Amino acid sequence: MPAVTESFSRDDVVYVARLARLDLEPGEVDLYAAQLASILDHVAAVTGLDTTDVPPTAHPLELENVLRPDTPGMTLDRDEVLAQAPLAESGRFRVPPILGEAP
Amino acid sequence: MSGAARDVPAGALATARAVRSGEVRAHQVSEAALARIAEFEGGLHCFNTVTADAALAAADAVDAAVAAGRDPGPLAGVPIALKDNLCTRGVATTAGSRILEGWLPPYDATVVRSVVAAGAVVVGKTNLDEFAMGSSTENSAFGPTRNPWDPGRVPGGSSGGSAAAVAAGLVPLALGSDTGGSVRQPASLCGVVGMKPTYGLVSRYGLIAFASSLDQIGPFAATVADAAALLDVIAGHDPADSTSLAVGFEPVSPRLDDGVAGMRVGVISDFLADASPSCVAAVRGAADVLGRAGAVVEEVAIPALMLGLSAYYLVAPAEASSNLARYDGVRYGLRVDGPDVTQMNGRTRSAGFGPEVKRRIMLGTYVLSAGYYDAYYGQAQRVRTLVARGFGDAYERFDVLVGPTSPTVAFEIGAKATDPLAMYLSDLYTIPTNLAGHPAVSVPFSLSEGLPVGVQVLAPALGEGAMFRAATVVERGADPQARGPIEPRAAKVAR
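Chains A and B are the protein sequences, given in the same order. So in this note's numbering the end of the first sequence lands on 103, straight run, no missing numbers. So in this note's numbering the end of the second sequence lands on 598, straight run, no missing numbers.
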């Protein structure tokens with residue numbers, strides 16, 4: 001198990017903000033670093049506990065796959081759904097370029 | 104402190120009886136509720152949206168059913184408010200966030216269908232901490248809700264709008280969601296009953312997800328009996344929620360008055376060490392009431408429960424960071440454009456999410472990231488097992504447990520706004536229940552310097568029956584001045 005860092009650094013904030021697709025202002029980075037360090041230092045209390053023989057609980061229920069009968073049913077109306085999109089065209093969601101230069 | 108509210112619509116069950124018998128028209132009931140909302144909304148800000156026209160139309164449909172001799176349902180004509188993270192078809196559903204401002208869901212949550220089918224009349228959507236992340240309703244992008252008992256104080260959160268609306272007598276019923284205490288804590292701070300059901304008992308279909316292994320929808324009401332009536336309407340299996348329990352649910356309402364003779368009640372001693380004296384006194388008082396009613400009351404130490412908060416603030420942000428990845432500016436809500444899709448995502452999310460949501464997304468992303476997953480998230484899941492085992496051992500000896508709901512009474516607006524960790528500690532006594540998937544209810548019990556104090560009754564999974572019987576006894580022994588509806592102290596706004 002890797003060592004748990006004592007706090008949340010400025011670099012950590014920049015790193016996770018990029019992973020989470022959050023653009024932060026420089027001032028925000030310092031603020032979040034201090035706040036997240038304080039939170040993490042508190043919750044890190046549990047990282048020191050010996051849980052060698054304790055299985056993890058991901059969910060309060062014993063989850064099983066739930067399948068429905070393979071019969072057609074009603075779905076949401078496409079036009080009604082697309083009407084809520086920021087931008088739609090020809091029955092699809094329209095987004096900025098994903099790869100390379102804009103056409 | 105002002106006394107009982109004047110001109111407040113009667114409770115939910117009394118209203119439904121009067122509407123069903125034709126003694127009162129649902130239209131009048133809804134008009135009265137809408138008038139009271141108009142009177143107090145400016146001072147309290149319980150609602151993000153009030154659906155006045157739709158409410159009156161729904162009330163007219165109930166009246167038509169009564170006139171035609173059809174069964175209008177067990178909650179006929181009862182005004183109900185919905186937390187604004189429950190999807191309502193064609194009615195704005197914001198989750199308290201700019202990122203969903205203006206979004207009109209194309210479907211209703213299952214609980215919305217259930218309450219409407221039962222004859223209840225939806226009057227609006229209530230304010231909440233953004234994406235239900237918070238304990239004060241101050242994290243709403245649309246401004247805080249004020250506590251009807253003292254407008255300078257928070258109503259609790261995250262379902263603060265629902266709790267305050269019931270406390271102020273604006274509606275007899277409301278729905279909230281409880282991920283770490285978000286129904287029970289505001290209920291305690293507002294002097295109303297708030298209940299979190301067993302995980303899986305109430306469908307989450309159409310509840311905007313925060314932490315999916317912890318979220319449950321629950322009822323608010325002024326009385327235990329009204330809350331039980333609403334639970335009975337919303338409980339049950341739903342094929343649209345893959346975590347919905349496929350068990351027969353025995354309605355709790357018919358047996359509320361069966362008493363607690365011989366019931367084994369454990370007082371959680373770990374919860375009394377750091378709670379404020381007034382909250383400890385309320386728990387002791389409730390334990391005495393249960394003992395005098397024939398329950399066998401003992402103290403029980405469950406030290407594992409005190410690990411819950413730390414585990415929760417690793418598990419819940421982890422699940423949130425995954426659930427909130429869907430707000431990417433593509434399919435619904437806000438988009439802030441950019442030259443490519445990645446920059447569009449980043450700009451949209453930065454503009455659309457508030458600071459608490461950003462904190463939790465970053466914390467969750469961090470604890471799930473390579474190198475830290477096992478040390479933080481994996482360890483938190485093991486601690487979650489320890490919390491469930493702690494409860495499991497206690498429930499071998501006890502039928503229900505009691506403790507404080509919140510460590511304190513309602514705090515002042517702004518008091519914890521700049522210290523996220525201090526805010527998180529508000530949920531110390533409610534979180535373990537969510538980690539275990541159990542039910543719990545907060546019942547108003549006493550007043551401390553003019554503010555209500557709630558007591559929490561906890562039960563094992565599907566133990567709602569015994570839990571509500573104990574809650575009924577606690578309510579009868581409580582100070583009647585400690586519960587809503589009250590005449591709000593917030594200034595009335597002239598219309």
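Beta carbons are placed, not taken as given, at the ideal position from N, Cα and C, and that holds for glycine. Note that this is a predicted model, so its numbers are computed, not measured.
Own chain, CB closer than 7 Å to L471(B), minus 5 neighbours either side, in chain order: The residue labelled residue 471(B) in the question sits at position 368 within the second sequence. A421, S424, Y480, listed in sequence order.
Contact set for P510(B): own chain, Cβ-Cβ below 8 Å, skip 5 residues either direction: Counted from its first residue, the second sequence places residue 510(B) at position 407. Answer for P510(B): D377, A378, S379, C382, L528, S529, L531, Y532, listed in chain order.
Close Cβ partners of R128(B) (< 6 Å) along its chain, the five nearest in sequence each way excluded: On the second sequence, residue 128(B) is found 25 positions in, with the first residue counted as 1. Around R128(B): D166.
Meets three-Cβ-pair contact criterion under 8 Å: the stretch 519 to 526 of chain B and the stretch 333 to 352 of chain B: The stretch 519 to 526 of chain B is not in contact with the stretch 333 to 352 of chain B.
Short CB-CB distance (under 9 Å) between E28(A) and chain B: Along the first sequence, one-based indexing puts residue 28(A) at 28. So yes, E28(A) belongs to the interface.
V66(A) burial status per 10 Å Cβ neighbour count (16 or more: buried): Position 66 of the first sequence holds residue 66(A). By the neighbour-count criterion, in which 16 or more other beta carbons inside 10 Å mark a residue as buried, V66(A) falls on the exposed side.
Between the CA atoms of S453(B) and L87(A) - distance to the nearest angstrom: Counting from 1 along the first sequence, the entry for residue 87(A) is found at position 87. Counting from 1 along the second sequence, the entry for residue 453(B) is found at position 350. So the two alpha carbons sit approximately 19 Å from each other.
Contact list for the stretch 486 to 514 of chain B against chain D, Cβ threshold 7 Å: Any reference to chain D falls outside this structure, whose protein chains are A and B.
Own chain partners of A338(B) with C-beta closer than 6 Å, once the 5 adjacent residues on each side are dropped: Taking the second sequence and counting its residues from 1, one reaches residue 338(B) at position 235. Result list for A338(B): L304, V305, F352, in chain order.
Reference A390(B); option with closest CA among R485(B), G557(B), D477(B): The sequence position of residue 390(B) within the second sequence is 287, counting from 1. Its Cα nearest to that of A390(B), the residue G557(B) stands out among R485(B), G557(B), D477(B).
Beta-carbon proximity of G455(B) to L437(B), cut-off 9 Å: Here residue 455(B) corresponds to residue number 352 of the second sequence, with the count starting at 1. Here residue 437(B) corresponds to residue number 334 of the second sequence, with the count starting at 1. Going by C-beta atoms, G455(B) is nearer than 9 Å to L437(B).
Interface residues of chain B facing A104(A) [CB-CB closer than 7 Å]: Chain A is shown from 1 up to 103; residue 104(A) falls before or after that span and cannot be answered.
Option nearest Q523(B) by Cα separation, candidates D12(A), Y32(A), G73(A): For the purposes of this step, residue 523(B) is taken as residue 420 along the second sequence, with counting starting at 1. The identity of residue 523(B) in the sequence shown is Pro, whereas the question assumes Gln. Looking at the Cα atoms, Y32(A) is the closest of the given residues.
Whole-number beta carbon distance between F93(A) and V433(B), since they are thought to touch under 8 Å: Stepping through the second sequence from its first residue, residue 433(B) is reached at position 330. Stepping through the first sequence from its first residue, residue 93(A) is reached at position 93. Taking the Cβ atoms as the reference, V433(B) lies roughly 5 Å from F93(A), within the contact range of under 8 Å.
Segments assigned beta strand (DSSP E), at least 3 residues, entirely inside the stretch 437 to 478 of chain B: Runs of the beta strand (DSSP E) inside the stretch 437 to 478 of chain B: none found.
Residue-level contact to chain B via CB, E89(A), 9 Å cutoff: Walking along the first sequence from the start, residue 89(A) turns up at place 89. So no, E89(A) is outside the interface.
Spatial distance of A3(A) from S549(B) (CA atoms): In the first sequence, the residue the question calls residue 3(A) occupies position 3. In the second sequence, the residue the question calls residue 549(B) occupies position 446. In this predicted model, A3(A) has a pLDDT of only 42, less than 50, meaning its place in the structure is not dependable; the value taken from the coordinates is given anyway. The straight-line gap from Cα to Cα measures roughly 47 Å.
Contact between the stretch 251 to 266 of chain B and the stretch 281 to 296 of chain B (3+ Cβ pairs under 8 Å): As far as the Cβ criterion goes, the stretch 251 to 266 of chain B touches the stretch 281 to 296 of chain B, which means the pair count is three or higher.
Enclosing beta strand (DSSP E) for R367(B) [first to last residue]: The sequence position of residue 367(B) within the second sequence is 264, counting from 1. Counting along the chain, the beta strand (DSSP E) containing R367(B) begins and ends at 367 to 371.
Reference G237(B), options Y416(B), P535(B), P507(B), D582(B), closest by Cα: Taking the second sequence and counting its residues from 1, one reaches residue 237(B) at position 134. Relative to G237(B), the option among Y416(B), P535(B), P507(B), D582(B) whose CA is nearest is Y416(B).
V127(B) (DSSP reduced to helix, strand or coil): For this step, residue 127(B) is matched to residue 24 along the second sequence. Of the three classes helix, strand and coil, the one that applies to V127(B) here is coil, per DSSP.
Given 8 Å, three or more beta-carbon pairs between the stretch 391 to 398 of chain B and the stretch 357 to 371 of chain B: Between the stretch 391 to 398 of chain B and the stretch 357 to 371 of chain B there are three or more C-beta pairs closer than 8 Å, enough to call the two in contact.
Within-9 Å CB hit, T47(A) to chain B: Along the first sequence, read from residue 1 onward, the residue named residue 47(A) stands at position 47. So yes, T47(A) belongs to the interface.
Delimiting residues of the alpha helix (DSSP H) encompassing I39(A): To locate residue 39(A), count along the first sequence from 1; it is residue 39. Start and end: 26 to 43.
Three or more C-beta pairs below 8 Å linking the stretch 144 to 160 of chain B and the stretch 249 to 260 of chain B: The stretch 144 to 160 of chain B makes contact with the stretch 249 to 260 of chain B: 3 or more CB pairs, one atom from each, lie closer than 8 Å.
Interface positions of the stretch 6 to 22 of chain A facing chain B (Cβ-Cβ less than 9 Å), listed along the chain: Within the stretch 6 to 22 of chain A, the qualifying residues are F8, D12, V13, Y15, V16, A17, R18, L19, A20, R21, L22.
Integer Cβ distance of A223(B) from L189(B), believed to fall under 8 Å: Here residue 223(B) refers to the residue found at position 120 when the second sequence is read from its first residue. Here residue 189(B) refers to the residue found at position 86 when the second sequence is read from its first residue. Contact doesn't hold; Cβ gap of about 13 Å is too wide.
Residues, ordered as in the chain, of the stretch 441 to 465 of chain B that lie near chain A by beta-carbon distance below 9 Å: Here the close residues are G441, P442, D443, V444, T445, Q446, M447, N448, G449, R450, T451, R452, S453, A454, F456, P458, K461, R462, I464, M465.
Under the three-state DSSP convention, the category S379(B) falls into: Your numbering for residue 379(B) matches position 276 in the second sequence. Looking at S379(B) - three-state DSSP - the assignment turns out to be coil, as it is neither helix nor strand.
Contact list for E80(A) against chain B, beta-carbon separation under 8 Å: Start at 1 with the first residue of the first sequence, and residue 80(A) comes out as number 80. Neighbours of E80(A) on chain B, chain order: P209.
Cut-off 8 Å between Cβ atoms - residues of its own chain near V95(A), not counting five sequence neighbours on either side: Start at 1 with the first residue of the first sequence, and residue 95(A) comes out as number 95. Within the same chain, V95(A) has close Cβ partners L87.
Per-residue DSSP class, three states only, for E107(A): Nothing can be reported for residue 107(A), as the shown portion of chain A is limited to 1 through 103.
Euclidean distance between Cα positions of T451(B) and D440(B): As a working note, residue 451(B) is residue 348 in the second sequence. As a working note, residue 440(B) is residue 337 in the second sequence. Computed Cα separation, rounded: 7 Å.
Contact under 9 Å by Cβ, Q84(A) with L207(B): As a working note, residue 84(A) is residue 84 in the first sequence. As a working note, residue 207(B) is residue 104 in the second sequence. Between Q84(A) and L207(B), the C-beta spacing is below 9 Å.
N-terminal and C-terminal residue of the alpha helix (DSSP H) that F548(B) is part of: On the second sequence, position 445 is the one that residue 548(B) refers to. Here F548(B) belongs to no alpha helix (DSSP H); instead the beta strand (DSSP E) covers 543 to 551.
Any chain A beta carbon closer than 9 Å to L550(B): Within the second sequence, residue 550(B) is the residue found at index 447, counting from 1. With its beta carbon at least 9 Å from every one in chain A, L550(B) lies outside the interface.
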